[in-house]
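Each remark here refers to the structure printed beneath this line.
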Amino acid sequence: PRGIAASCGMMVNYRYFLEDTASNSAAYLGTKQIKASEQVLSLVSQFQQNSKL
-9 PRGIAASCGM MVNYRYFLED TASNSAAYLG TKQIKASEQV LSLVSQFQQN
41 SKL
């Protein structure tokens, strides 16, 4: 019943740097860390601050 107030959607363009894929994959598998740009991290931070979840 929380509907749209509890939902979040985001579309971003992404680009693979082949020389980084192995280390990015290992980081995700080991720590669940996803590499993202500062702009994307800022949007996530703003959502978390404004979220009532």
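Heads up: the sequence shown begins at -9 in this note's numbering, then just goes up one per residue.
Built from N, CA and C at the ideal position, the CB exists for glycine as well.
Secondary structure of residue i, DSSP reduced to three states
i, result
"V34", "helix"
"N40", "helix"
"Y6", "coil"
"S27", "coil"
"S13", "helix"
Neighbourhood of residue i by C-beta, 6 Å cutoff - its chain only, sequence neighbours within 5 removed
i, result
"S41", "none"
C-beta neighbour in chain C for residue i, strict 7 Å
i, result
"R5", "Here chain C cannot be found, since the structure has a single protein chain."
Integer Cβ distance of residue i from residue j, believed to fall under 8 Å
i, j, result
"N14", "K25", "5 Å"
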